[in-house]
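>
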Amino acid sequence: MRHFRFRSIFALAVFISLVVPRYGAFGAAAGVLIKSSLSAVYYVTADGRRLAFPNEATYFTWYKDFSGVKTLSDNEVAALPLAGLVTVRPGAAPVRVESDNNIYAVASGGVLRPIQTAALAQLIYGDGWQAKTIVVPAAFFVSYKPGAPVTAGGQYWWRQEMDKASDIAHDVASVPSADQVSTSPAAPASVAAAFAVTPKTTTHKTINLAVGLWDPHDPAKVAATPTKDAITQLLFTGDKSVKGFYSEMSGGAVTLNEAGVFGWYDADKPASHYWATPDPTDADGDGYINGHNEKWAETILKMDKEFDFSAYDANHDGVLSPDELGVLIVIPTDSPFGTNRIVSAREFPAVAPMVVDGVKIGMIAEWYTGNPPNFGVVAHELSHLFFDTADMYADGQYRAGNFSLMDGSYCNCDIDPWQRLAGGKNWLNLLTPAASGAYELPAVDTSYSVMKIPRQNSDEFFLVENRETTKYNDIGTMPSGQAPGLLIWDIRSPSTAGDWGRNNIRLLRANGGLPLDDAKASYHGTAATPAATGILKWFDGSSSGVSLSAIGIAGATMKFQVNLNR
24 MRHFRFRSIF ALAVFISLVV PRYGAFGAAA GVLIKSSLSA VYYVTADGRR
74 LAFPNEATYF TWYKDFSGVK TLSDNEVAAL PLAGLVTVRP GAAPVRVESD
124 NNIYAVASGG VLRPIQTAAL AQLIYGDGWQ AKTIVVPAAF FVSYKPGAPV
174 TAGGQYWWRQ EMDKASDIAH DVASVPSADQ VSTSPAAPAS VAAAFAVTPK
224 TTTHKTINLA VGLWDPHDPA KVAATPTKDA ITQLLFTGDK SVKGFYSEMS
274 GGAVTLNEAG VFGWYDADKP ASHYWATPDP TDADGDGYIN GHNEKWAETI
324 LKMDKEFDFS AYDANHDGVL SPDELGVLIV IPTDSPFGTN RIVSAREFPA
374 VAPMVVDGVK IGMIAEWYTG NPPNFGVVAH ELSHLFFDTA DMYADGQYRA
424 GNFSLMDGSY CNCDIDPWQR LAGGKNWLNL LTPAASGAYE LPAVDTSYSV
474 MKIPRQNSDE FFLVENRETT KYNDIGTMPS GQAPGLLIWD IRSPSTAGDW
524 GRNNIRLLRA NGGLPLDDAK ASYHGTAATP AATGILKWFD GSSSGVSLSA
574 IGIAGATMKF QVNLNR
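Heads up: the sequence shown begins at 24 in our numbering, then just goes up one per residue.
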């Protein structure tokens, strides 16, 4: 990358006195970046003037490097009148003015909107927003215009602002006059109401996974065993990996660490032994009643020759919990499947715990790969193991289907929003509407935000999320190129006791639920999909008094009206 020294721009105002020439003769057409021997970089406007970049931080909100900068002579540059300064690109980063501790969001036209709290700054810009903050020199503060403060969620979305300011030509901000400085523009008309915000967690957690590859060499179950590299890539290193999935689902709160991938290990006995009818009297004297338990124990003992399990017993209590180390057993098959089970060292005449390196191993995950290896199954099973997520598949009109990994299982799909919040995970911002009104909701996988509408005098609530199609949320049942849109979930109780996934979570499908058509489950403003929900009902069938209407087109930000008649 070539670097230029950005000198102070303020004194360059002395050059604003020259006649505008035919700037095209210098190759300085509109939109071109230019510099002279003085190293300051300028943007050429459509009317042949130049806007200066006050510093590198501002420049890099618009451009990734200096490769597009054209060098002209000092006279050629000076012949273009200096019209003002380029401001920080809207949405790119929070801004703080030198000698001023207030944090601002930049809106279109160089408008600075004060952000009232640190929680709101985190909601808008994510974890580490402080490090992203750009400091504007006090002398250049006049280049910006004051704007209405951001007092609650839903009043400012960085992605929407960046999309509007696709280039400087769409967001030119010149030095304002004194009367412009004293004017505070109103909040955008499209945002008529605000959210109360409960921000997502900023706590980071590393989860460790040790993987044992066990091959029974059963031609009836698999045509070809995947390579060890293929399994490692899908879990940890590939462009689309389980590690990447958990990072995206958690908003960066979770990192999956590769403790080791071991094998392929050959099975000690013929494949038929492990899938044989259970042997309740241990007639063959191997200490096992069930061949499945035997294959898990066999794999762990083989892993133990290469791996020190006790190194992960962080609290030194002699028990290796999934919080300390998860264990995944991988078996090659053509059909995908998975389980979570307790592993035992033997089952007959009495059950004995699985102890290696002086530590007890309890629950493990098992992944029958599928051919090619199925991403959804292993992500589903490890979600059980590490995060205590609940299975949700059950017949009925309210099932999540491919809108939750904990139902669809074999799909490339998000974990449903409540399971991204339940059990203390707190991976999403909760935005509670303050009153009826027009709202905007950004896509969940970029904003990590969902709307919560509580039932009065009850633990029950609705969750509204804006789903987009992403690398990890590719709903194959959607028409090509169509994003899902708004999904509405009814959460009966925050309890996670018993079979809570099936009992407490309903997806209120736009088509009523049957047939179970995922392409018609969401709400968005097209001819084929309802743009209004009607009055939503609670679990017990009573009217909530809540409805959504004027629902816009599915996309990065969705607009709709919330009606709270209760």
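The beta carbon of each residue, even a glycine, is placed where N, CA and C say it ideally should be.
Let me know the secondary structure DSSP gives Leu-224 once reduced to three states.
For clarity, residue 224 is Thr in the given sequence; the question names Leu instead. Note: Thr-224 maps to coil in three-state DSSP.
> Starting from the C-beta of Ala-299, find all residues in its chain whose C-beta is less than 7 Å away, skip the five residues before and the five after it, and write them out in chain order.
Closer than 7 Å at Cβ, skipping near neighbours: Gly-314.
> Count the other CB atoms within 10 Å of the CB of Thr-226; is the residue buried (16 or more) or exposed (fewer)?
Flag for Thr-226 reads exposed.
> Sorted by chain position, which residues of the same chain lie with C-beta nearer than 6 Å to Ala-423's C-beta, five sequence neighbours on each side aside?
Hits under 6 Å: Met-415, Asp-430, Asp-439 and Leu-530.
> Given a threshold of 16 other Cβ atoms within 10 Å of its Cβ, counted over all protein chains shown, does Asn-633 qualify as buried or as exposed?
The chain is shown from 24 up to 589; residue 633 falls before or after that span and cannot be answered.
> Reducing DSSP to helix, strand and coil, say where Met-377 ends up.
Note: Met-377 maps to strand in three-state DSSP.
> Since Leu-537 and Phe-485 are thought to touch, with beta carbons under 8 Å apart, how far apart are those beta carbons, to the nearest angstrom?
21 Å between Cβ atoms; not a contact.
> Is Arg-478 helix, strand or coil when you go by DSSP?
Of the three classes helix, strand and coil, the one that applies to Arg-478 here is coil, per DSSP.
> On the three-pair Cβ rule with 8 Å, is the segment 98 to 108 touching the segment 135 to 145?
These segments do not touch.
> If we ignore side chains and look at the alpha-carbon of each, how far apart do Ala-276 and Ile-230 end up?
Between Ala-276 and Ile-230, the C-alpha separation is close to 11 Å.
> Where do the ends of the beta strand (DSSP E) carrying Asp-327 lie?
Note, Asp-327: premise wrong, no beta strand (DSSP E); alpha helix (DSSP H) at 314 to 327.
> Who are the near neighbours of Ala-209 in its chain, counting only those whose CB is closer than 7 Å to its CB and skipping five residues on each side?
For Ala-209, the predicted model reports a pLDDT of 29, less than 50, meaning its position is unreliable and no value from the coordinates is stated.
> Please state the DSSP three-state secondary structure of Thr-140.
Coil.
> Since Ala-154 is in the alpha helix (DSSP H), which residue starts that stretch and which ends it?
Taken as a continuous stretch (DSSP letters only), the alpha helix (DSSP H) holding Ala-154 covers 152 to 155.
> Please name the residue in Ser-570, Asp-497 and Ala-375 whose C-alpha comes closest to that of Trp-512.
Nearest option by C-alpha distance: Ser-570.
> If you count every other CB in all the chains shown that lies within 10 Å of the CB of Thr-356, and 16 or more means buried, which is it?
Classification for Thr-356: buried.
> Please determine whether the Cβ atom of Gly-267 lies at a distance below 7 Å from any heavy atom of the ligand FAD.
For the structure depicted, the ligand FAD is absent and the ligand set is empty, with no information on it obtainable.
> Give the range of the beta strand (DSSP E) segment to which Leu-428 is assigned.
Careful: Leu-428 lies outside any beta strand (DSSP E), inside the alpha helix (DSSP H) at 428 to 431.
> Please state if the CB of Ala-320 and the CB of Val-350 are separated by a distance shorter than 8 Å.
It is not a contact, given that the beta carbons lie outside the stated cut-off.
> Just grab the DSSP bridge partners of Val-100 for me.
Per DSSP, none; premise fails for Val-100.
> So for Thr-81, helix, strand or coil by DSSP?
Three-state DSSP puts Thr-81 in a helix.
> Look at the Cβ atom of Val-487, then the Cβ atom of Leu-464, and state whether they are nearer than 8 Å.
A contact, by the Cβ cut-off of 8 Å.
> Determine the contact status of Gly-548 and Gly-575, defining contact as a CB-CB distance below 8 Å.
Contact: yes.
> Please classify Ala-219 as buried or exposed, where buried requires at least 16 neighbouring CB atoms within 10 angstroms.
Per the 10 Å Cβ criterion, exposed.
> With a cut-off of 8 Å, do at least 3 Cβ pairs link the segment 384 to 392 to the segment 465 to 475?
Contact fails: fewer than three Cβ-Cβ distances are below 8 Å.
> Nearest to Trp-632 by alpha carbon, out of Pro-502, Thr-322 and Glu-121?
No statement about residue 632 is possible, as the shown extent of the chain runs from 24 to 589 and does not include it.
> Is the beta carbon of Leu-510 closer than 8 Å to that of Ser-545?
Result yes, Cβ atoms of Ser-545 and Leu-510 sit closer than 8 Å.
> Out of curiosity, what's the CA-to-CA distance linking Ser-207 and Asn-425?
The predicted model places Ser-207 with a pLDDT of 28, which falls under 50 and marks its position as unreliable, so this point remains unresolved.
> Short of 7 Å in beta carbon distance, which residues of its chain neighbour Ala-402, apart from the five on each side in sequence? Order them along the chain.
Once the five neighbours on either side are set aside, the close Cβ partners of Ala-402 are Val-265, Phe-268 and Leu-428.
> What is the DSSP secondary structure of Leu-451, counted as helix, strand or coil?
Three-state result, Leu-451: coil.
> Using a Cβ-Cβ cut-off of 7 Å (strictly less than) and excluding sequence neighbours within five positions of Asp-591, which residues of its own chain qualify?
With the chain covering 24 to 589 only, the question about residue 591 has no answer from this structure.
> Give the DSSP-derived three-state secondary structure of Asp-238 in the structure shown.
Correct three-state label for Asp-238: strand.
> Around the C-beta of Lys-325, are 16 or more other C-beta atoms found within 10 angstroms, so that it is buried, or is it exposed?
Under this definition Lys-325 is a buried residue.
> Excluding five sequence neighbours on each side, which residues of the same chain lie with their C-beta closer than 6 Å to the C-beta of Glu-491?
Around Glu-491: Ala-466 and Ala-506.
> When we look at the beta-carbon of Asp-307 and count the other beta-carbons within 10 Å, is it buried (16 or more) or exposed?
Exposed is the call here.
> What is the rounded straight-line gap between the Cα of Asp-411 and the Cα of Asn-449?
Rounded to whole angstroms, Asp-411 to Asn-449 spans 13 Å at the Cα level.
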